[in-house]
Amino acid sequence: MPFHRFRWADFVLPSTLQLAPLLELLVEPVGCEITTQKVELGLHEALVNAVRHGNSENPQKQLRVRRILTPNWLIWQVQDEGCGLPPTARAAELPVSVDAQHGRGLFLIHQCFDDVRWSRRGNRLQLACRRPV
Numbered sequence: 337m338p339f340h341r342f343r344w345a346d347f348v349l350p351s352t353l354q355l356a357p358l359l360e361l362l363v364e365p366v367g368c369e370i371t372t373q374k375v376e377l378g379l380h381e382a383l384v385n386a387v388r389h390g391n392s393e394n395p396q397k398q399l400r401v402r403r404i405l406t407p408n409w410l411i412w413q414v415q416d417e418g419c420g421l422p423p424t425a426r427a428a429e430l431p432v433s434v435d436a437q438h439g440r441g442l443f444l445i446h447q448c449f450d451d452v453r454w455s456r457r458g459n460r461l462q463l464a465c466r467r468p469v
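Start counting the sequence shown at 337; every next residue gets the next number (the numbering used here).
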């Protein structure tokens, strides 16, 4: 059945690292195994970052995810309650040191999606990939 309109779903959950059930729901409409694997890897990294760094692993805080399906794009917005990642920390490059404690996740996210955008505040990340043909 062709896809002719926009559809979205909102998910709100406590900020924990028990992400498997949510990931399963989020990637359900992808439809292509290779794309699903990339999207799942990138989303997992974004969600873990939101829980660990944005919400400081505080289960009292919420994690919000919106999944938007358009005729040409699959889009996910991941939002935490943190103060946001400053623009200078949003780089898509690998860290200079192989032993660096942080930075590989953002590089990985950029590799998994066709488009990555941050809200001005830096606490909402929008991830998009073109629909598989």
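From the three backbone atoms N, C-alpha and C, an ideal C-beta is built for every residue, glycine too.
Query                                                                             : Result
Rounded Cβ spacing between Arg-453 and Gln-462 (contact assumed at less than 8 Å) : 4 Å
The beta strand (DSSP E) enclosing Pro-350, as first and last residue numbers     : 343-350
Bridge-paired residues (DSSP) for Ile-404                                         : Trp-344, Ile-411
Alpha-carbon to alpha-carbon, Asn-391 and His-380                                 : 15 Å
Backbone secondary structure at Leu-461 - three-state DSSP                        : strand
Start and end residues, beta strand (DSSP E) containing Val-452                   : 451-454
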